[in-house]
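Here's the structure, in structure tokens; my notes come after.
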Amino acid sequence: MIKIEIPEFDEINSDTIKHIFLCNVLLDDKLSQTLDTYFHANLQRNEYVFPKQVHSNICMFTRTPSANSLKCDAIVTDQPNLTLVVKTADCVPILLSDPVNHIIGVVHAGWKGLNSGVIQNAIAKMIDIGSQSKYINVAIGPCILRENYEVQEDFLEAFGSTGKEFSRLKQGKYYFDLLGCCQDILKKEGIREIHTSEVDTYTNTGISSYRRTRHLNNPDTYRNISAIVINRDNDKHQMTNDDKHPDEWGDFIQKVNKVRNRRACLPQDIQKMRHPVSVIIDGYEKPYSNHKDSDIEVKKRRVQLSNHESCEIIRKIRRSKIRLERTLDLHWETEESAYKKTIGFILESYEAGLRYLLIIVGKGKNGKGKLRDSLASWVENHCKTRELLMLVEEALPQHGGEGAYYVFLRRKR
Numbered sequence: 001m002i003k004i005e006i007p008e009f010d011e012i013n014s015d016t017i018k019h020i021f022l023c024n025v026l027l028d029d030k031l032s033q034t035l036d037t038y039f040h041a042n043l044q045r046n047e048y049v050f051p052k053q054v055h056s057n058i059c060m061f062t063r064t065p066s067a068n069s070l071k072c073d074a075i076v077t078d079q080p081n082l083t084l085v086v087k088t089a090d091c092v093p094i095l096l097s098d099p100v101n102h103i104i105g106v107v108h109a110g111w112k113g114l115n116s117g118v119i120q121n122a123i124a125k126m127i128d129i130g131s132q133s134k135y136i137n138v139a140i141g142p143c144i145l146r147e148n149y150e151v152q153e154d155f156l157e158a159f160g161s162t163g164k165e166f167s168r169l170k171q172g173k174y175y176f177d178l179l180g181c182c183q184d185i186l187k188k189e190g191i192r193e194i195h196t197s198e199v200d201t202y203t204n205t206g207i208s209s210y211r212r213t214r215h216l217n218n219p220d221t222y223r224n225i226s227a228i229v230i231n232r233d234n235d236k237h238q239m240t241n242d243d244k245h246p247d248e249w250g251d252f253i254q255k256v257n258k259v260r261n262r263r264a265c266l267p268q269d270i271q272k273m274r275h276p277v278s279v280i281i282d283g284y285e286k287p288y289s290n291h292k293d294s295d296i297e298v299k300k301r302r303v304q305l306s307n308h309e310s311c312e313i314i315r316k317i318r319r320s321k322i323r324l325e326r327t328l329d330l331h332w333e334t335e336e337s338a339y340k341k342t343i344g345f346i347l348e349s350y351e352a353g354l355r356y357l358l359i360i361v362g363k364g365k366n367g368k369g370k371l372r373d374s375l376a377s378w379v380e381n382h383c384k385t386r387e388l389l390m391l392v393e394e395a396l397p398q399h400g401g402e403g404a405y406y407v408f409l410r411r412k413r
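Shown next as structure tokens:
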């Protein structure tokens, strides 16, 4: 048995969400025991959901463990410590994670499900229960790559224009790019962080491949297992009912000194302010609703000043006591290139010890600039930049006003 992990996917999710790809797992009467052993060793979890895969576009939401009872090819949950599992042997295993809203999903993307929208349905289900596409990250495990996935013309016809786009004719034979097709769908759904193992099931003999065993006339009962789970072992500071003893709490609270006559901001209020429930539609951030897209009004997102120090910095910039140290101009950039340049710009500036940055995004036509509406959420939610930020705020008029952002970084450690 071979274990495969994608470190970049773990880095994005920190310790909140864990994943694993187990290759060449024997599907026999001892499968449940095998999964229990490996999930406990690698994910520290025993409860899991194992669907009865039927090569469909069906996605189900669940919070309870089960095995072979849910007839579907994608599962979504917000239940901590419940492992979602799919098995593959050439098809594409896709793991989805939203570490901000603590929602995960898993997809078995065979060509039938892929053609009928199983990936789109999984993402839509995650959004239905509170996720947002800009927070969703993806890991794609071992699958058959185009060089070894020979198909017939009727296969390509079933895919329509997509079949032509992701196929290649070589020596009179057609080969289809399942992985590339999946990546294209994910990008069109607004997913930015897509990480792949780039492992070909057909050419790697230690990994299960249905097509390879069929060509060798040596069928087996081995499959590749892909799993993802929301890890809640780190919630050690959460107060339980046993902790809430009224007498002890009363004694404790009497010892607390009131330092200022200010109303406290509850943690859940902060969370709502920083991450409003919204979706990206046509490149704009909009509040999520069950209504049609046309009924939803665009919600302009403005990052609020977080503390007194940030307010003081803005005042100093207005008085020219602090000078901007570096500027990035994103005029004429596409959304994809602007995203990459922005993240790189911030990381390079931090490594150089620069803290006071200006990013010019432009106002866009009729005040509807895609870059302007997206930049704040890009930098606040990227795994490498969010920990570096002290402030993201609309610039003062002398520096571009609504068409630019101040991005202030913490001191380099």
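Residues in the sequence shown are numbered consecutively from 1, following the UniProt record's numbering. Even glycine gets a Cβ: it sits at the ideal position worked out from N, Cα and C.
Cross-strand partners of residue i (DSSP beta bridge)
{"i": "I103", "result": "D98"}
{"i": "E150", "result": "Y175"}
{"i": "V92", "result": "A109"}
{"i": "K370", "result": "Partner(s): none; K370 has no beta bridge."}
{"i": "T83", "result": "Y48"}
{"i": "R323", "result": "According to DSSP, which records beta bridges pairwise, R323 is partnered with nothing at all."}
{"i": "E393", "result": "Y406"}
{"i": "C23", "result": "I2"}
{"i": "M60", "result": "I75"}
{"i": "H195", "result": "A139"}
{"i": "R168", "result": "Y175"}
{"i": "Y210", "result": "In the DSSP output, where bridge partners are listed per residue, Y210 has none listed."}
{"i": "R223", "result": "V25"}
Buried versus exposed call for residue i [16 or more other C-beta atoms within 10 Å across all chains shown]
{"i": "W111", "result": "buried"}
{"i": "T64", "result": "exposed"}
{"i": "D373", "result": "buried"}
{"i": "K316", "result": "exposed"}
{"i": "L391", "result": "buried"}
{"i": "L169", "result": "exposed"}
{"i": "I270", "result": "Its pLDDT being 31, under 50, I270 is placed unreliably in this model, and the value from its coordinates should be taken loosely. Burial call: exposed."}
{"i": "N241", "result": "Unreliable placement is indicated for N241, whose pLDDT of 42 sits below 50; no coordinate value is reported for it."}
{"i": "P51", "result": "buried"}
{"i": "M239", "result": "Below a pLDDT of 50, predicted positions are generally treated as unreliable, and M239, at 41, falls in that range; no measurement from the model is reported."}
{"i": "G403", "result": "buried"}
{"i": "Q53", "result": "buried"}
{"i": "N381", "result": "buried"}
{"i": "K292", "result": "The predicted model places K292 with a pLDDT of 41, which falls under 50 and marks its position as unreliable; any figure quoted below should be read in that light. Counting Cβ neighbours within 10 Å, K292 comes out exposed, since fewer than 16 surround it."}
{"i": "I142", "result": "A small correction: the amino acid at residue 142 is Pro; Ile does not occupy that position in the sequence shown. Buried."}
{"i": "T205", "result": "exposed"}
{"i": "E165", "result": "exposed"}
{"i": "M1", "result": "exposed"}
{"i": "R214", "result": "exposed"}
{"i": "D154", "result": "exposed"}
{"i": "S377", "result": "buried"}
{"i": "A227", "result": "buried"}
{"i": "V407", "result": "buried"}
{"i": "G401", "result": "exposed"}
{"i": "R223", "result": "buried"}
{"i": "S349", "result": "buried"}
{"i": "R323", "result": "exposed"}
{"i": "L389", "result": "buried"}
8 Å contact criterion, which residue i and residue j should meet: CB distance rounded
{"i": "C182", "j": "I94", "result": "7 Å"}
{"i": "S209", "j": "D73", "result": "Contact flag wrong, Cβ pair sits at about 19 Å."}
{"i": "E333", "j": "K341", "result": "7 Å"}
{"i": "L70", "j": "V100", "result": "Contact flag wrong, Cβ pair sits at about 26 Å."}
{"i": "R318", "j": "L409", "result": "Rounded, the Cβ-Cβ distance is 19 Å, inconsistent with contact."}
{"i": "K173", "j": "E193", "result": "So it is not a contact: roughly 34 Å between Cβ atoms."}
{"i": "F61", "j": "I129", "result": "6 Å"}
{"i": "S56", "j": "G113", "result": "6 Å"}
{"i": "S197", "j": "I6", "result": "6 Å"}
{"i": "E393", "j": "Y405", "result": "7 Å"}
{"i": "V199", "j": "I4", "result": "7 Å"}
CB of residue i within 8 Å of CB of residue j, strictly
{"i": "K384", "j": "L347", "result": "yes"}
{"i": "S131", "j": "N13", "result": "no"}
{"i": "N148", "j": "Y202", "result": "yes"}
{"i": "A122", "j": "V107", "result": "yes"}
{"i": "L145", "j": "L179", "result": "yes"}
{"i": "V229", "j": "K18", "result": "yes"}
{"i": "L84", "j": "E47", "result": "no"}
{"i": "I103", "j": "M126", "result": "yes"}
{"i": "residue 416", "j": "N231", "result": "Look at the range of the chain in this structure, 1 to 413, and you will see that residue 416 is not part of it."}
{"i": "V25", "j": "I225", "result": "yes"}
{"i": "E8", "j": "H195", "result": "yes"}
{"i": "V92", "j": "A109", "result": "yes"}
{"i": "K412", "j": "G362", "result": "no"}
Residue i Cβ short of 7 Å to the ligand COA heavy atom set
{"i": "S226", "result": "The ligand COA is not part of the structure shown, which contains no ligands of any sort."}
query: Is the region 343–362 in contact with the region 320–329, if contact means three or more CB pairs nearer than 8 Å?
result: Cβ pair count under 8 Å is three or more, so yes.
Touching by the beta-carbon criterion (3+ pairs, under 8 Å), the region 123–143 and the region 182–200
By the Cβ criterion, the region 123–143 is in contact with the region 182–200, since at least three pairs of Cβ atoms, one from each stretch, lie closer than 8 Å.
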